[in-house]
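Just below is one structure, and these are the notes that go with it.
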Amino acid sequence: MTKFCPKCGTPNPDEAQFCSKCGAPLPNLTLPASPPAPMGGMPPSYPPQYPATSFNMTKLNDYNKRYFSLVGGILTGLAFIIFAITFVLLLAYPFTISGGTGNLAGFYGVMIGTFAMYLVLGIFVFLIGIKRSITPSLTFITGLLVFLYFILFGVGMFLLQSESDGLFQTNSNGVELVLGSVFVLITLILGRSFSPINKILAYSFMLVGVILAYAGVGGLTNSYVSSTSSVYVIQPSAIFFISSLAIVSGIILPIALMIDVFMSKFPMGKTIFSIMLDVILLIFSIGQIILGSTIISAGIPSTTGLPGIISASLYMSYTAGVLDLIAGIFVLLSSVLLMVNNIVTISKQAGRPSGYYSPPPPPRY
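Residue numbers (the UniProt record's numbering): 1 to 365.
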């Protein structure tokens, strides 16, 4: 038989009175081996940590990428394209009838080119919506299209005042649009530099250019809509409204880019930049919803007695309004989900994990 030490568990002969290893007295009864006593105290045990929120953020982000951002981007691009075609048709109509352009042939021609640029810009927005990403080269091309769009727009305003013998006072709008386009071009040139100073200068020029362009387009919108009550003039002029909202959203962009230059090395800085981009999307989506709702609320346009090209442009404008409303809803949902995700991320980066219970403090010995 074998005796096991109750203290260290060492086996000893049956006749031994003391443990051969630690010297502890051995009992007379033979005991089964016991594991050695643990050294030190047992580590404290904590209750498991459970998320306070019931939703899975990863699944929501995946759902957003697969559906909301994809559908919103594609429909936004289609709305851009159809709005542009609507304007091209309206501006081309005077050329289809004898003397239809009057003294404004130059103005109509330049404005057709302007909205041709808008059409190409819409195609790029459509492609970006499909890819759901934008490369530096795509950014440069898009910026170049914006430059051409505004400079042609400004030239058109000069021609409108000169060819109408001053009936339309649009020279000031033309100056604002041309200057805004020049600032956009400077932004594109400086923005390709890797120097932080050049980038700050570029984004400063962008901010000034956006404000000038907004002033030009916004002034035209107010005067254009208030000067007429014709249905086929008011509906296409909604494109000016959505352009203005896009420019207002764009005012936030250079500010966000400046913040990104200063804070890009910090994870929290990148997240703040992303949140500002989400705000831009949110504002733009609200503009889309308002624009689409305004066009739809006017009802399906009556085209009785109107030329075919005008009727087609009216139906296309209504279709674009429907697409813009649906796109705005999807873009709104996408921007909200992105914003929630970034807020959760920044709360974790700030050292305050969102959605978890704090463990109790360890016991003191």
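All residues carry an ideal CB built from backbone N, CA and C; glycine is no exception.
Source: prediction; values computed, not measured.
Query raised in the report: What first and last residue would you give for the beta strand (DSSP E) that runs through ASN12?
Result: 11-13
Query raised in the report: When you compare each of LEU160, LEU188, LEU26 and PHE183 to PRO136 by their alpha carbons, which one comes out closest?
Result: LEU188
**Report entry** Simplified DSSP state of PRO6, which is helix, strand or coil
**Finding:** coil
Query - For GLY109, the nearest candidate out of ARG66, MET157 and LEU78 (CA to CA) - result: MET157
Query raised in the report: Can the beta-carbon of TYR118 be found closer than 8 Å to that of TYR149?
Result: yes
Query raised in the report: Once you ignore the five residues that flank ASN342 on each side, which residues in its own chain have a CB closer than 7 Å to its CB?
Result: THR271, SER274, ILE275 and ASP278
Query - Straight-line Cα distance separating LEU121 from THR114 - result: 11 Å
Query raised in the report: What whole-angstrom Cβ distance do ILE85 and ILE123 have, given they're in contact under 8 Å?
Result: Rounded, the Cβ-Cβ distance is 11 Å, inconsistent with contact.
Report task. State the DSSP-derived secondary structure class of PRO94, mapped to helix, strand or coil. Result -> helix
**Report entry** Neighbour-count burial assignment, MET167, 16 or more Cβ in a 10 Å radius
**Finding:** In the sequence on display, residue 167 carries Leu and not Met. So LEU167 ends up on the exposed side.
Query raised in the report: Tell me which same chain residues have a C-beta within less than 6 Å of the C-beta of PRO32, skipping the five on either side of it?
Result: With a pLDDT of 49 at PRO32, under the threshold of 50, the predicted position of this residue should be treated as unreliable, though the coordinate-derived value follows. Nothing listed; no residue qualifies.
Requested in this report: For the segment 260-323, list the beta strand (DSSP E) runs that are entirely contained and at least 3 residues long, ordered along the chain.
Outcome: none
Query - Extent of the continuous alpha helix (DSSP H) run through TYR118 - result: 105-131
Report task. Give me the Cα-Cα distance between SER335 and LEU104, rounded to the nearest whole angstrom. Result -> 43 Å
Query raised in the report: Is it true that the segment 288-308 meets the segment 320-329, where meeting means three or more beta-carbon pairs spaced less than 8 Å apart?
Result: yes
Report task. With distances taken Cα to Cα, identify the nearest neighbour of LEU333 among THR58, ILE310, SER204 and VAL71. Result -> VAL71
Query raised in the report: So, VAL184 versus GLY143, is the Cβ gap smaller than 8 Å?
Result: yes
Requested in this report: With SER195 as the anchor, note down where its alpha helix (DSSP H) starts and where it stops.
Outcome: First-last for SER195: undefined, no H or E at that position.
**Report entry** Of the listed residues GLY308, ILE329, GLY328 and VAL344, nearest to LEU89 (C-alpha basis)
**Finding:** GLY308
Requested in this report: Report the residue from SER317, GLY102, ILE151 and MET258 whose alpha carbon sits nearest the alpha carbon of SER204.
Outcome: MET258
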